[in-house]
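A.B. asks:
Residue numbers (my numbering), protein chains in the order written: chain A, 1 to 113; chain B, 1001 to 1110.
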């Protein structure tokens, strides 16, 4: 079945460090790919998305590129801030526009001043 | 513009009881999906409603049921609660695939 695998956390960084959170997905069909962020006590917020191979999603300094050849969608940010501390989820949406989202297990990011 | 609204925010129930969670979708959205997020895990798809019908269902037992009303709002019902049903229940609404999540209902079963 469809699945998403994220790098295990937690990830702890100092402010202004470079961030990479790895994500790979099963290649069934032509999924859309997403990164969601969850702050403590809150629901999920869409961070960025990409709908086809080689697309780059970006938002708030975060970027991720849809790599079909490596079935990956790694999240990157050049300089993290304390306010980026949250849980990050990679997700795929099945081949139909109304399909279910399949999430990775989440990666906890903590950024220290 | 109000986003997705879920109620209640928190809930404590006893094993064996039944619970109903409610969701009002974002204005203009016609599809509602429900997810269960256990502590430390990613959300798991329960089911999706469109035009008042269950369109897709995840790997959850029949104890989990739902409903969608003509105004697109939705309810999630869970019968015969188990301790393992303790989780954050998230509602997501969408129109042509753009999903917006609510803040969730934290259900604790004791």
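Glycine is no exception: its CB is placed at the ideal position from the N, C-alpha and C atoms.
Among the candidates 89(A), 100(A), 68(A), whose CA atom is the shortest distance from the CA of residue 37(A)?
C.D. replies: Position 37 of the first chain, counted from the first residue, corresponds to residue 37(A). Considering only alpha carbons, the answer is 89(A).
A.B. asks: Any beta carbon of chain B sitting closer than 8 Å to that of residue 8(A)?
C.D. replies: Within the first chain, residue 8(A) is the residue found at index 8, counting from 1. Not an interface residue.
A.B. asks: Which residues of chain B have a Cβ atom closer than 8 Å to the Cβ of residue 106(A), listed in chain order?
C.D. replies: Against the first chain, residue 106(A) aligns to sequence position 106. Simply 1040, 1041, 1042.
A.B. asks: Answer with buried or exposed for residue 79(A), where buried requires no fewer than 16 other C-beta atoms within 10 angstroms of its C-beta.
C.D. replies: Against the first chain, residue 79(A) aligns to sequence position 79. Looking at its Cβ environment, which holds fewer than 16 other Cβ atoms inside 10 Å, residue 79(A) is exposed.
A.B. asks: Any idea which residues DSSP pairs residue 1057(B) with across the strands?
C.D. replies: Taking the first residue of the second chain as position 1, residue 1057(B) is located at position 57. In DSSP, residue 1057(B) forms a bridge with 1047(B).
A.B. asks: With a threshold of 16 other CB atoms inside 10 Å of the CB of residue 34(A), please say whether the residue is buried or exposed.
C.D. replies: Position 34 of the first chain holds residue 34(A). Buried, because 16 or more other Cβ atoms sit within 10 Å of the Cβ of residue 34(A).
A.B. asks: Taking 8 Å as the limit between beta carbons, can you name the residues of its chain near residue 1011(B), skipping five residues before and five after?
C.D. replies: Stepping through the second chain from its first residue, residue 1011(B) is reached at position 11. Correct list, in chain order: 1019, 1021, 1105, 1106, 1107, 1108.
A.B. asks: Nearest by alpha-carbon distance to residue 75(A): which of 31(A), 28(A), 106(A), 15(A) is it?
C.D. replies: Residue 75(A) sits at position 75 when you count from the first residue of the first chain. Of the candidates 31(A), 28(A), 106(A), 15(A), the one whose C-alpha sits nearest the C-alpha of residue 75(A) is 106(A).
A.B. asks: Does DSSP put residue 83(A) in a helix, a strand or coil?
C.D. replies: By 1-based counting over the first chain, the position of residue 83(A) is 83. Residue 83(A) falls in the helix class under three-state DSSP.
A.B. asks: Is it buried or exposed, residue 1083(B), if we count other Cβ atoms within 10 angstroms and call 16 or more buried?
C.D. replies: Translated into the one-based positions of the second chain, residue 1083(B) becomes position 83. Residue 1083(B) comes out exposed.
A.B. asks: Secondary structure at residue 1082(B), three-state DSSP: helix, strand or coil?
C.D. replies: The residue you call residue 1082(B) lines up with position 82 of the second chain. The answer is coil: DSSP assigns residue 1082(B) none of H, G, I, E or B.
A.B. asks: Alpha carbons only, please: which of 1035(B), 1076(B), 1024(B), 1092(B) is nearest the one belonging to residue 1005(B)?
C.D. replies: Locating residue 1005(B) in the second chain gives position 5, where the first residue counts as 1. Considering only alpha carbons, the answer is 1024(B).
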